[in-house]
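Order-wise, the sequence lines are chains A and B.
Taking the working numbering, I'd label the letters of the first sequence as residues 1 to 163.
Taking the working numbering, I'd label the letters of the second sequence as residues 1001 to 1356.
Quick reminder that beta carbons are idealized off the backbone N, C-alpha and C, glycines included.
Remember, predicted model here, so these are calculated numbers, not experimental data.
Reading through the structure tokens given below for one structure.
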Amino acid sequence: MTCQRCSREASVHLSETVDGSRRELHLCGPCARKAGLAPPDPPPNAALEAIVDHLIVQHVGELVGELARASCPLCGQTFMEFRTGGRLGCPNDYEAFAPGLLPLVRTAHGASRHVGKSPRRRTPPGKSPGLRLRARLREAIAREDYELAATLRDQLRQEDADR
Amino acid sequence: MNLDALTRTSGEWLRGTGPESDIVICSRIRLARNLADFPFTNRASDAEKTEIERVCRSAMDKAGLDLDYQSLVNLGPLDRQLLVERQLVSRELSNGDGPRGVAIGPRENMSVMINEEDHLRIQVMNSGFSLPDVWEQINDLDDRLEEQLHYAFNPQLGYLTACPTNVGTGIRVGVMLHLPALANTKQIEKVFRALHKINLAVRGLYGEGTQADGDFYQISNQQTLGKSERELIRNLSDVIPQIISYERQARQEWIGQRRQHLHDQVSRAYGVLKTAHTISSSETMHLLSSVRMGINLGLIDDLEIRTVNELFIHTQPAHLQKIQGESLEVDERNIARAGYIRRRLLEGRHDDETAD
Ligand SMILES: [Zn+2]
Ligand SMILES: [Zn+2]
């Protein structure tokens, strides 16, 4: 739908009932602002993609170069894959991608520090023996080193039994 | 678990009782949790997902939780859809692939999804406006699981989730509201704009991107980091009474100015539902919404809110087909739906009712 005042795409849709008759308004962002109507703030979820784009553009060169090469040693996810898919690969990614991720988290939530309940058992995510063993297991299978894979599987079982 | 039984029962959250239950259908809290020792679901292999499923199931057993586990892998599309209509699993889990499942509590007030976007999505739902009760139940459930599981957690960022929009508390606090008068007078858009400004999201009955069929709206928090669970619950709880009072006001104005007109609309809706021989899902939702409001305004006095709440769910496509015991095309569903509604409206009347 196009804006009723100009030919741009309308982004603000309003309708109100005045004395029983309904009036509809379809305006683009700039025309809505001119008319004194602020377009609704997009919810943070929808804004996330835009925020990532913005951050990447803002830090071209310096950050993008570094981030473009960043990948998580434990799950293989790259920052660019996160940027396109919006999902992280493993708990360690929060550390692996910290320079790109923390500004994003801060913008999306308006905060950067957890407040609230916490579990009693805490292992820093990058130090989780299970996650590391599983990463090595995946590599071993990819290399078709089934002997190592079998050993790693035994170690994982042992880890599991110890807990 | 026998899924067919779901078509003869209804969840606790549809009881139609509890505080403000004329407008608040139910209160729900969800927690996103992940195991520290595994990649997130989207990056886990099927073998790893099987392992995650095993670890979580064993934790639920050890915690002595009275939950019934249902693997989604063995379920056909109709059964999976039934669980979605019932609000026990998300569409994402239903449509996902690989090892995944859901553990369901008695009376359907709890469910724990395994291998959704996060390894665990824990959910508790109660009828009416009762977030403090829901929080108490889910917090206890989470504590009991945490004793058995090793959650991914980092002191700065809190519970780590596959999507950074859930990081921190991992909490989603939601209230499902029935707002026919605000929707009818279009005042609802003003409410939405105000809610967006304070970072609350509004969705339809079945989540993101769904139309608000039947004038049901889910309001939930977006922020999950930097505030405690209790603060986030309070932020949402504080605005709900205002919305409730706007809706009540809009209903009173409507009935004050156009009583005959409103009474006519409500009675006609009830009449169509009682007599139709074919009816679409969307018309059903629309008419049930009028009838539900009519009961609350005292314009209909021989029908229970609970029956209407159940009809909203039991007339959805998968429920209908399970009730009929066969798969139906759209036209056949419309006929089956009308028949089912006629039967239920005859049994649902107060004067016919003996015991619960
Ligand atoms: Zn314009
Ligand atoms: Zn990773």
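Next item on the list: Return the first residue and the last residue of the alpha helix (DSSP H) that B:I1318 is part of.
Entry: Taking the second sequence and counting its residues from 1, the one referred to as residue 1318 of chain B is at position 318. The displayed chain sequence assigns Ala, not Ile, to residue 1318 of chain B. Counted as a single uninterrupted DSSP element, the alpha helix (DSSP H) harbouring B:A1318 occupies residues P1317 to Q1324.
Note to self: Given a cut-off of 7 Å on the beta-carbon distance, is the pair B:L1120 and B:V1167 in contact?
What the structure shows: The residue you call residue 1120 of chain B lines up with position 120 of the second sequence. The residue you call residue 1167 of chain B lines up with position 167 of the second sequence. In this structure, B:L1120 sits away from B:V1167, with a CB-CB distance that is not shorter than 7 Å.
Notebook entry, point to check: Hey, is A:L74 close to ligand 3, as in C-beta under 6 Å from one of its heavy atoms?
Noted result: Annotation note on ligand 3: not contained in the displayed structure, which lists ligand 1 and ligand 2 as its ligands.
Notebook entry, point to check: Which residues in the same chain have their Cβ closer than 8 Å to the Cβ of B:D1140, if we skip the five residues on either side of it in sequence?
Noted result: Against the second sequence, residue 1140 of chain B aligns to sequence position 140. Excluding residues up to 5 positions away in sequence, nothing lies with its Cβ nearer than 8 Å to the Cβ of B:D1140 in the same chain.
Next item on the list: Using 10 angstroms around the beta-carbon of A:Y146, count the other beta-carbons present and answer buried if the total reaches 16, otherwise exposed.
Entry: Here residue 146 of chain A refers to the residue found at position 146 of the first sequence. A:Y146 should be labelled exposed.
Notebook entry, point to check: How is the beta strand (DSSP E) around B:Y1217 delimited, first residue to last?
Noted result: Sequence index remark: in the second sequence, residue 1217 of chain B carries index 217 (1-based). In the DSSP assignment, B:Y1217 falls within the unbroken beta strand (DSSP E) covering F1216 to N1221.
Item checked: Close beta carbons around B:R1033, own chain, < 7 Å, minus the five adjacent residues each side -> For the purposes of this step, residue 1033 of chain B is taken as the residue at position 33 of the second sequence. Closer than 7 Å at Cβ, skipping near neighbours: D1118, H1119, L1120, I1122, Y1151, Y1159 and G1170.
Notebook entry, point to check: By a C-beta neighbour count over all protein chains shown, 10 Å radius and 16 as the cutoff for buried, is B:P1180 buried or exposed?
Noted result: In the second sequence, the residue the question calls residue 1180 of chain B occupies position 180. Burial state of B:P1180 is buried, judged by a 10 Å Cβ sphere holding 16 or more other Cβ atoms.
Notebook entry, point to check: Hey, would you say the C-beta of A:N92 is under 6 Å away from at least one heavy atom of ligand 2?
Noted result: Against the first sequence, residue 92 of chain A aligns to sequence position 92. At least one heavy atom of ligand 2 lies less than 6 Å from the C-beta of A:N92.
Next item on the list: Identify the continuous beta strand (DSSP E) that holds B:L1120 and give its terminal residues.
Entry: Residue 1120 of chain B sits at position 120 when you count from the first residue of the second sequence. Element bounds for B:L1120: L1120 to S1127.
Notebook entry, point to check: Got a sec: which bits of the segment 1011-1029 of chain B sit with their beta carbon under 8 Å from any beta carbon on chain A, in order along the chain?
Noted result: For the segment 1011-1029 of chain B, which is checked against every Cβ of chain A, not one residue is closer than 8 Å.
Margin query: Counting only Cβ pairs nearer than 7 Å, list the residues of chain B close to A:C3.
Written below: Position 3 of the first sequence holds residue 3 of chain A. Chain B residues near A:C3: none, gap ~18 Å exceeds 7 Å.
Checklist line | Proximity of B:M1125 and B:R1028 at Cβ, strictly below 7 Å | finding: Position 125 of the second sequence holds residue 1125 of chain B. Position 28 of the second sequence holds residue 1028 of chain B. In this structure, B:M1125 sits near B:R1028, with a CB-CB distance shorter than 7 Å.
Check: Taking any Cβ of chain B, which residues in the segment 105-136 of chain A have a Cβ under 8 Å from it, in chain order?
Finding: Listed by position along the chain: V105, A108, H109, G110, A111, S112, R113, H114, V115, G116, K117, S118, P119, R120, R121, R122, T123, P124, P125, S128, P129, G130, L131 and R134.
Next item on the list: Check whether the Cβ of A:L27 lies closer than 7 Å to any Cβ atom in chain B.
Entry: Taking the first residue of the first sequence as position 1, residue 27 of chain A is located at position 27. At a cut-off of 7 Å between beta carbons, A:L27 makes no contact with chain B.
Check: Who are the near neighbours of A:C31 in its chain, counting only those whose CB is closer than 7 Å to its CB and skipping five residues on each side?
Finding: Within the first sequence, the letter at position 31 stands for residue 31 of chain A. Around A:C31: C3, R5 and C6.
Check: Between the C-alpha atoms of B:G1271 and B:D1079, what's the straight-line distance to the nearest angstrom?
Finding: In the second sequence, counting from the first residue as 1, residue 1271 of chain B sits at position 271. In the second sequence, counting from the first residue as 1, residue 1079 of chain B sits at position 79. For B:G1271 and B:D1079, the distance between alpha carbons rounds to 32 Å.
Check: For A:V60, which residues of its own chain have a beta-carbon under 6 Å away from its beta-carbon, when the five flanking residues on both sides are left out?
Finding: Here residue 60 of chain A corresponds to residue number 60 of the first sequence, with the count starting at 1. Confidence in A:V60 is poor, its pLDDT being 37 and thus under 50, which makes the residue's placement unreliable; the coordinate value appears in the next sentence. Within the same chain, A:V60 has no close Cβ partners at all.
Notebook entry, point to check: Residue range of the beta strand (DSSP E) that B:D1068 falls in?
Noted result: Your numbering for residue 1068 of chain B matches position 68 in the second sequence. Note, B:D1068: beta strand (DSSP E), D1068 to S1071.
Item checked: Cα-Cα separation, A:L88 to B:A1059 -> Position 88 of the first sequence, counted from the start, is the residue given in the question as residue 88 of chain A. Position 59 of the second sequence, counted from the start, is the residue given in the question as residue 1059 of chain B. Across the structure, A:L88 and B:A1059 are spaced so that their CA atoms are roughly 25 Å apart.
Note to self: Check this for me: beta carbons of B:S1228 and A:G116, under 7 Å apart or not?
What the structure shows: By 1-based counting over the second sequence, the position of residue 1228 of chain B is 228. By 1-based counting over the first sequence, the position of residue 116 of chain A is 116. Yes; because the gap between Cβ atoms is below 7 Å, this pair is in contact.
Notebook entry, point to check: Relative to chain A, which residues along the segment 1050-1072 of chain B have a C-beta separation below 7 Å, given in chain order?
Noted result: Cβ contacts with chain A: none found.
Check: When the cut-off is 7 Å and only beta carbons count, does A:R157 lie next to chain B?
Finding: Position 157 of the first sequence holds residue 157 of chain A. No - not a single Cβ of chain B is within 7 Å of the one on A:R157.
Checklist line | Listed by chain order, chain B residues near A:C90 by CB distance under 8 Å | finding: In the first sequence, residue 90 of chain A corresponds to position 90, counting from 1. Residues of chain B whose Cβ lies closer than 8 Å to the Cβ of A:C90 are, in chain order, F1038, P1039, F1040 and R1043.
Check: Any C-beta of chain B sitting closer than 7 Å to the C-beta of A:R153?
Finding: Numbered from its first residue, the first sequence carries residue 153 of chain A at position 153. With 7 Å as the cut-off, A:R153 does not count as an interface residue toward chain B.
Next item on the list: Drop a sphere of 10 angstroms on the beta-carbon of B:K1190, count the other beta-carbons inside from all chains shown, and report buried for 16 or more, exposed for fewer.
Entry: Counting from one through the second sequence, the residue named residue 1190 of chain B turns up at place 190. A residue is called buried once 16 or more other Cβ atoms fall within 10 Å of its Cβ, and B:K1190, having fewer, is exposed.
Checklist line | Contacting residues, own chain, Cβ-Cβ under 7 Å from B:L1031 (five flanking each side not counted) | finding: Counting from 1 along the second sequence, the entry for residue 1031 of chain B is found at position 31. Close CB contacts of B:L1031 within its chain, under the 7 Å cut and outside five residues either way in sequence, are with I1122, I1138, D1142, G1170 and I1171 (chain order).
Notebook entry, point to check: What whole-angstrom Cβ distance do A:Y94 and A:L104 have, given they're in contact under 8 Å?
Noted result: Taking the first sequence and counting its residues from 1, one reaches residue 94 of chain A at position 94. Taking the first sequence and counting its residues from 1, one reaches residue 104 of chain A at position 104. The pair is not a contact, with the Cβ atoms about 11 Å apart (cut-off 8 Å).
Next item on the list: Starting from the beta carbon of B:N1221, find every residue of chain A whose beta carbon is closer than 7 Å, and list them in chain order.
Entry: Position 221 of the second sequence, counted from the first residue, corresponds to residue 1221 of chain B. Within chain A, no residue comes near B:N1221; the closest Cβ sits about 10 Å away, beyond 7 Å.
Next item on the list: Assign B:H1196 to one of three DSSP states: helix, strand, or coil.
Entry: If you number the second sequence from 1, residue 1196 of chain B lands on position 196. Looking at B:H1196 - three-state DSSP - the assignment turns out to be helix.
Check: So does A:D110 have its beta carbon nearer than 6 Å to some heavy atom of ligand 2?
Finding: Position 110 of the first sequence, counted from the start, is the residue given in the question as residue 110 of chain A. Correcting the residue identity first, residue 110 of chain A is Gly in this sequence and not Asp. Distances from the CB of A:G110 to the heavy atoms of ligand 2 are all 6 Å or more.
Item checked: Cβ-based neighbour list, B:R1008, same chain, cut-off 6 Å, excluding 5 preceding and 5 following -> Taking the first residue of the second sequence as 1, we reach residue 1008 of chain B at position 8. Within the same chain, no residue comes within 6 Å of B:R1008 by CB-CB distance, once the 5 residues on both sides are set aside.
Next item on the list: Compute the Euclidean distance between the alpha carbons of A:H127 and A:Q158, then round it to the nearest angstrom.
Entry: Looking up residue 127 of chain A in the first sequence gives position 127. Looking up residue 158 of chain A in the first sequence gives position 158. First, the residue type needs correcting, since residue 127 of chain A is Lys and not His in the sequence shown. Spanning the two alpha carbons is a distance of roughly 17 Å.
Notebook entry, point to check: Distance, Cα to Cα, B:L1311 vs B:T1275?
Noted result: Translated into the one-based positions of the second sequence, residue 1311 of chain B becomes position 311. Translated into the one-based positions of the second sequence, residue 1275 of chain B becomes position 275. C-alpha separation (whole angstroms): 15 Å.
Check: For B:I1240, does the three-state DSSP call read helix, strand or coil?
Finding: For the purposes of this step, residue 1240 of chain B is taken as residue 240 along the second sequence, with counting starting at 1. In the three-state reduction of the DSSP assignment, B:I1240 falls in the helix class, which pools H, G and I.
Next item on the list: Throw me the rounded Cβ distance for the B:L1303 and B:I1295 pair, which I believe falls under 8 Å.
Entry: Taking the second sequence and counting its residues from 1, one reaches residue 1303 of chain B at position 303. Taking the second sequence and counting its residues from 1, one reaches residue 1295 of chain B at position 295. At roughly 6 Å, the Cβ-Cβ gap stays under 8 Å, so B:L1303 and B:I1295 are in contact.
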